[in-house]
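Enquirer: Numbering (this note's numbering), first residue to last: 135 to 250.
Where a beta carbon is used, it is the ideal one built from N, C-alpha and C, also for glycine.
The following block contains the structure, expressed as structure tokens.
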Amino acid sequence: DIVHALARLSMVPDGAPLRAVSLGTPHFSHEEWMRLLPLLREAAPGKGIPIYVNTGRATLTRLREEGALDGMEAFGLIPVADTCTYVTSIVERLDGVVMTNSGKWAHYAPGNIGVT
Numbered sequence: 135d136i137v138h139a140l141a142r143l144s145m146v147p148d149g150a151p152l153r154a155v156s157l158g159t160p161h162f163s164h165e166e167w168m169r170l171l172p173l174l175r176e177a178a179p180g181k182g183i184p185i186y187v188n189t190g191r192a193t194l195t196r197l198r199e200e201g202a203l204d205g206m207e208a209f210g211l212i213p214v215a216d217t218c219t220y221v222t223s224i225v226e227r228l229d230g231v232v233m234t235n236s237g238k239w240a241h242y243a244p245g246n247i248g249v250t
């Protein structure tokens with residue numbers, strides 16, 4: 135049952151404010167970036183929620199050379215190269231809920247950096 139599984143995976147109460155999004159653990163590939171960037175342009179403007187995306191240095195360099203990240207800071211995008219945001223205090227808002235697409239991040243982040 136999906137509802138039961140979700141209840142076990144997330145202890146976040148309904149309506150809790152989202153403080154940040156962390157994607158890419160393991161690191162986002164170029165292909166994943168190419169799917170994400172149009173979605174951010176469409177859905178992220180004005181939300182004020184930082185979106186951290188972990189990626190490899192070579193991928194980040196390629197994206198910058200292609201101009202793919204131009205202007206993306208306005209959408210809250212914060213690329214993180216060669217590390218994961220649950221290892222050190224890269225995430226600025228550590229007082230609430232962080233959404234992720236990674237089971238690994240969801241497992242380690244609460245104990246390492248104190249987010250839900």
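Leaving out five residues on either side along the sequence, give the residues of the same chain with a beta carbon under 8 Å from the beta carbon of residue 232.
Expert: To locate residue 232, count along the sequence shown from 1; it is residue 98. Counting only Cβ-Cβ distances below 8 Å, and skipping sequence neighbours, we find 152, 153, 154, 155, 156, 225, 243, 249, 250.
Enquirer: Considering just the uninterrupted stretch of the alpha helix (DSSP H) at residue 158, what are its terminal residues?
Expert: The residue given as residue 158 occupies position 24 in the sequence shown. Residue 158 -> not in any alpha helix (DSSP H); beta strand (DSSP E) instead, spanning 152-162.
Enquirer: Buried or exposed: which applies to residue 147, given that a residue is buried once 16 or more other Cβ atoms fall within 10 Å of its Cβ?
Expert: As a working mapping, residue 147 is identified with position 13 in the sequence shown. Flag for residue 147 reads exposed.
Enquirer: Under a three-way DSSP split, which group does residue 170 fall into?
Expert: Position 36 of the sequence shown holds residue 170. Per DSSP, reduced to three states, the secondary structure at residue 170 is helical.
Enquirer: Mind reading off the beta-carbon distance from residue 185 to residue 211? Whole number of angstroms is fine, and I expect it under 8 Å.
Expert: Here residue 185 corresponds to residue number 51 of the sequence shown, with the count starting at 1. Here residue 211 corresponds to residue number 77 of the sequence shown, with the count starting at 1. In this structure residue 185 touches residue 211 by the C-beta definition: roughly 5 Å separates them, less than 8 Å.
Enquirer: Indicate the three-state DSSP secondary structure (helix, strand or coil) for residue 224 in the structure shown.
Expert: Reading the sequence shown from its first residue, position 90 is the one you call residue 224. Of the three classes helix, strand and coil, the one that applies to residue 224 here is coil, per DSSP.
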